[in-house]
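Going letter by letter, the sequence shown gives residues 192 to 539 in the working numbering. Where is the CB? At the ideal position from N, CA and C, for every residue including glycine. Below is one structure, written out as structure tokens; comments come after it.
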Amino acid sequence: MKESQAEYPVTIPRPHIRFVVTPNCNLSCKSCQPGGEAYTRPCYSTGQEADIILPPEVQTLAQIATDVGFTPVKITGGEPLIRPDVSEIVAACKEIPGVVVNLGTNGLLLEEMAQKLREARIDSLNVGLNSLSRGTYKKDTGVDGLPMVLKGIERARKLGIPVNVNVVLMKQNLNEFDDFIELAERYDLDIRVLPLSNLGDYSYWSSHYVPCDELEAHIFEKYRVTSNLIQPWSGLGTPMSTFSINGVAVRIINPENGVFYSDFCQSNDCGNYPCADGIWALRIDPNGDSKYCFFPRSGRESFNYLRALRDGDFIAIVERMEQDFDILNSAEMENLWSPEVEKNKYTK
Ligand code: SF4
């Protein structure tokens, strides 16, 4: 029986911690950016591997973060599965009592890595998959990889690993939603729909963005089900419109339901305020730099956790992590974002 994310215990809203373990990726998705969550940093793959965080270092920082109150631990990239030691990272984190570890992947290498991830006791996987059409997938990612991703999902599910398929909603996949439901039924997995983020290319964003309301209208028309609005299971982040369709849990992150911002979003001259993503996690880049959101202008000088760890400065790490936790935990939900607001940022 698959564990749903919604079945994990929720006590109080808490930010989670994301370790961006590599800026490198084996796809070139048009909806993403080089480096994924690490894209504001230079890439580290050319002779600077020694600067990349190692499994025991992730474990130490994850232990401190867990003690401070962050939960869960998420492993992201780039594409984390291109790191040969990614299962060591997961296993190291799972040695922390009670910790929940999730990994986000594009699934291309999942078939060969799933067994090791299972042995490392991964709790769940988020597989990013924006099209079930082989041609569209290839056009969007630059790789004819859809069959490999599907084999990876099948392998993970056979091994009993809970899987969420993350779909970035775009004009070209709005009509594929029913195919995603069939996929979810076949493999007993959950679907999570995310809005397309504007990563600075307004022209691309505006020509591909679809309001989540359009998908919700399709769901009601076709399946005659209505949604409940629930918080993400860790509690912090945009509430999700949640549907149960033929036993499949579908969660839609609709920024028009509200986004979490902290004081610094307004006070630091962030040109992207109010954004559609908000803050809900501390992100630690492969070189140890930290940030609160995708965008670099977080209004607070980045602290390098890896440098402090290698210097043995545990007092500074704990103090800074407590401050980061308080800042993230003070975020409040506001209904400020809409496609019109986004447009005005670029046309005023
Ligand atoms: S981009 Fe970052 S700093 Fe700016 S509003 Fe969004 S969460 Fe806040």
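Distance, Ile470 Cα to Ile508 Cα: 21 angstroms
Would you mind reading off the limits of the beta strand (DSSP E) that contains Lys265? 264-267
Quick one: what does DSSP say Thr213 is sitting in, helix, strand or coil? coil
Per-residue burial, Pro477 [other beta carbons within 10 Å of its own, 16 or more giving buried]: Buried, since its Cβ has 16 or more Cβ neighbours within 10 Å.
If we ignore side chains and look at the alpha-carbon of each, how far apart do Ser493 and Asp454 end up? 17 angstroms
Cβ of Trp468 versus every heavy atom of the ligand SF4: is any distance shorter than 7 angstroms? It is Asp, not Trp, that sits at residue 468 in the sequence shown. Yes.
N-terminal and C-terminal residue of the alpha helix (DSSP H) that Glu525 is part of: From DSSP, Glu525 is part of no alpha helix (DSSP H) but of the beta strand (DSSP E) over 523-525.
Excluding the five sequence neighbours on either side, which residues of its own chain have a C-beta within less than 7 angstroms of the C-beta of Val532, listed in chain order? Setting aside the 5 residues that flank it on each side, Val532 is surrounded in the same chain by Pro465, each with a C-beta closer than 7 angstroms to its C-beta; the list follows chain order.
Whose CA, out of Gln306, Tyr452, Asp404, lies closest to the CA of Ala282? Gln306
According to DSSP, simplified to helix, strand and coil, what is Lys307? helix
Grab me the residues of Tyr400's own chain with a C-beta within less than 6 angstroms of its C-beta, minus the 5 sequence neighbours each way, in chain order. Leu387
Cα separation between Pro246 and Glu270? The alpha-carbon atoms of Pro246 and Glu270 are separated by roughly 16 angstroms.
Along the chain, which unbroken stretches of the beta strand (DSSP E) at least 3 residues long are found entirely within the segment 349-382? 354-360
Leaving out five residues before and five after Asn293 in sequence, what residues of the same chain have Cβ atoms less than 8 angstroms from its Cβ? Pro263, Val264, Lys265, Ile266, Ile313, Asp314, Ser315, Leu316, Asn317
Between which two residues does the beta strand (DSSP E) harbouring Asn297 extend? Secondary structure note for Asn297: it is in no beta strand (DSSP E), with a DSSP letter that is neither H nor E.
Residues near Trp396 by beta carbon distance below 8 angstroms, same chain, minus five either side: Leu387, Ser388, Asn389, Leu390, Glu533
In the segment 378-432, which residue ranges form an unbroken beta strand (DSSP E) of at least 3 residues, counting only runs that do not cross its ends? 381-386, 419-421
Is Glu412 closer than 8 angstroms to Ser432 when the C-beta atoms are compared? no
Please work out which residues of its chain come closer than 8 angstroms, Cβ to Cβ, to Asp331, disregarding the five sequence neighbours upstream and downstream, and give them in chain order. Excluding sequence neighbours, Asp331 sits near Cys220, Lys221, Ser222, Asn321, Ser322, Gln363.
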